[in-house]
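Here's the structure, in structure tokens; my notes come after.
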Amino acid sequence: MPAKAVGFADETLHYKVMFKWGIVQKQAGRATLRLTAAPDHFQATLYARSEPWADHFYRLRDTLISVMDRHDMLPRRYERIAHEDGRFDHDIIHISRSGDLFTGTSHRMRRKKKGEISHSEITLKAEGPTVDLVSVFYYLRMLDFAAMQPGYTKTLNIFSGKRKELLTIRYVGKENLKLDGRTYPTYRISFTFTDEKSSKTSDDIDTWISTASDHIPLKLEGKLKVGKIRCLYTGSNLTT
1 MPAKAVGFAD ETLHYKVMFK WGIVQKQAGR ATLRLTAAPD HFQATLYARS EPWADHFYRL
61 RDTLISVMDR HDMLPRRYER IAHEDGRFDH DIIHISRSGD LFTGTSHRMR RKKKGEISHS
121 EITLKAEGPT VDLVSVFYYL RMLDFAAMQP GYTKTLNIFS GKRKELLTIR YVGKENLKLD
181 GRTYPTYRIS FTFTDEKSSK TSDDIDTWIS TASDHIPLKL EGKLKVGKIR CLYTGSNLTT
């Protein structure tokens with residue numbers, strides 16, 4: 001998959017999280033994605049929380065952190081701190097590389113609603129480019145979609161706390177996206193998550209990114225058991 005040089009700098013992107021079920025559409029949460037630069041790496045931090053009305057049904061306070069190499073935006077360390085529906089999960093994955101081999105050492109902590117705590121250690125291995133749930137969006141922004149034909153696909157490895165999955169990125173094509181009264185030219189991309197036996201591990205995610213040189217993700221959409229969830233871009237604080 002062709003790549004292009006993207007001059008990443010400190011930035012903060014803001015999103016509203018919408019729940020849609022039939023004619024019902026209501027803001028269920030909000031998210032902030034912050035990128036900070038260091039001499040030899042970038043750190044991306046995603047903060048997500050549910051709205052007060054939604055807390056009564058499913059209270060969520062999540063923080064995801066990815067430390068990435070500057071030259072290819074692939075992760076060195078991934079951390080997930082999740083407060084969801086009375087549970088607390090904390091995953092830390094340290095990722096090392098030897099040629100094309102990526103090795104992740106994952107420490108997982110779980111605290112259930114009853115207060116029971118468990119710890120586990122897992123070793124994850126993958127051959128070829130490997131991302132996490134945050135760094136994937138920076139890797140995506142480096143791709144040269146203008147040089148692709150619709151239908152082009154690329155499969156990456158993705159580490160979660162407990163397993164290695166395969167992430168297939170499919171370029172759908174150009175699409176105009178209407179968002180809060182404005183129309184944006186975008187590239188539409190779909191994400192498919194599978195295991196090594198090609199069985200789906202979660203529902204697909206559709207993503208629309210700006211055709212402008214910064215390739216900011218403007219919309220993400222995924223299915224829930226009931227309805228859909230949409231993350232919609234609302235603005236940014238950029239440092240150039």
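Numbering (my numbering), first residue to last: 1 to 240. C-beta atoms are modelled at their ideal positions from N, C-alpha and C, and glycine is treated no differently.
Does the Cβ-Cβ distance between residue i and residue j come in under 8 Å?
i	j	result
L218	T186	yes
F19	G222	no
T211	L166	no
Y139	L74	yes
R170	S190	yes
C231	L220	yes
L124	G104	yes
A28	S50	yes
A37	D10	yes
R188	D206	yes
A126	F102	yes
According to the neighbour-count rule (16 or more other Cβ atoms, all chains shown, within 10 Å of its Cβ), is residue i buried or exposed?
i	result
D203	exposed
N237	exposed
V244	What the structure shows of the chain is the stretch from 1 to 240, and residue 244 is not part of that stretch, so it cannot be assessed.
I117	exposed
L208	Residue identity differs from the one stated: residue 208 is Trp in this sequence, not Leu. By the neighbour-count rule (16 or more Cβ atoms within 10 Å), W208 is buried.
S120	exposed
S160	buried
With a cut-off of 8 Å on the beta carbons, I'd call residue i and residue j a contact; round off their distance for me.
i	j	result
T192	T168	4 Å
H215	R97	Contact flag wrong, Cβ pair sits at about 25 Å.
G128	D100	6 Å
H94	M68	Not quite, the Cβ-Cβ distance comes to about 13 Å (not below 8 Å), so this is no contact.
If I measure Cβ to Cβ from residue i and keep anything under 7 Å in the same chain, skipping five residues before and after, which residues do I get?
i	result
R87	R111, K112 and K113
F137	P217
S213	none
What does a CB cutoff of less than 8 Å around residue i pick up in its chain, not counting 5 residues either side in sequence?
i	result
T234	H14, Y15, K16 and D180
If I measure Cβ to Cβ from residue i and keep anything under 6 Å in the same chain, skipping five residues before and after, which residues do I get?
i	result
I92	E79 and H107
R76	V67 and I95
A44	L35, S66 and V134
K26	F19
Three CB pairs or more closer than 8 Å across the region 50-65 and the region 143-151: no
Contact the region 81-91 vs the region 172-179: 3+ CB pairs below 8 Å: no
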